[in-house]
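Colleague: Residues are numbered in this note's numbering as their position in the sequence shown, beginning at 1, plus a constant of 300.
Next up is a structure, given as structure tokens.
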Amino acid sequence: MLDYRRVLAENVKTARKALDLSQESLALEADIDRTYVSGIERGRRNPSLTMIAKLAERLKTTPAALLTPPES
């Protein structure tokens, strides 16, 4: 079974870096703690759909894109 926490982790990190954002700046924009962003990027957190939508908006993407496995 696909591990969506890992998919989300990789996609959030990739999107954040593509926008040249630090974890701190993303956290401030999403109104969450930097350690929460770090936990998501390490696959340790299981964010709600609302949080995924909020992150997607800040990362200028869609929730679906954040949950889509990268092409091999």
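Ideal Cβ placement from N, Cα and C applies to all residues, glycine included.
1) CA-CA distance, R305 and P369?
2) Roughly how many angstroms lie between the CA atoms of D333 and A327, to the nearest whole one?
3) Could you compute how far the alpha carbon of E371 sits from the alpha carbon of L308?
4) Cα separation between E329 and M301?
5) Identify the continuous alpha helix (DSSP H) that holds S346 and give its terminal residues.
Modeller: In brief:
1) Locating residue 305 in the sequence shown gives position 5, where the first residue counts as 1. Locating residue 369 in the sequence shown gives position 69, where the first residue counts as 1. For R305 and P369, the distance between alpha carbons rounds to 11 Å.
2) Along the sequence shown, read from residue 1 onward, the residue named residue 333 stands at position 33. Along the sequence shown, read from residue 1 onward, the residue named residue 327 stands at position 27. Their Cα atoms are separated by approximately 6 Å.
3) In the sequence shown, counting from the first residue as 1, residue 371 sits at position 71. In the sequence shown, counting from the first residue as 1, residue 308 sits at position 8. So the alpha carbons of these two residues sit roughly 14 Å apart.
4) As a first step, residue 329 must be located in the sequence shown, where it is residue number 29. As a first step, residue 301 must be located in the sequence shown, where it is residue number 1. Between E329 and M301, the C-alpha separation is close to 32 Å.
5) Locating residue 346 in the sequence shown gives position 46, counting from the first residue. The sequence shown places Asn at residue 346, rather than the Ser named in the question. Counting along the chain, N346 falls outside any alpha helix (DSSP H), and DSSP gives it neither H nor E.
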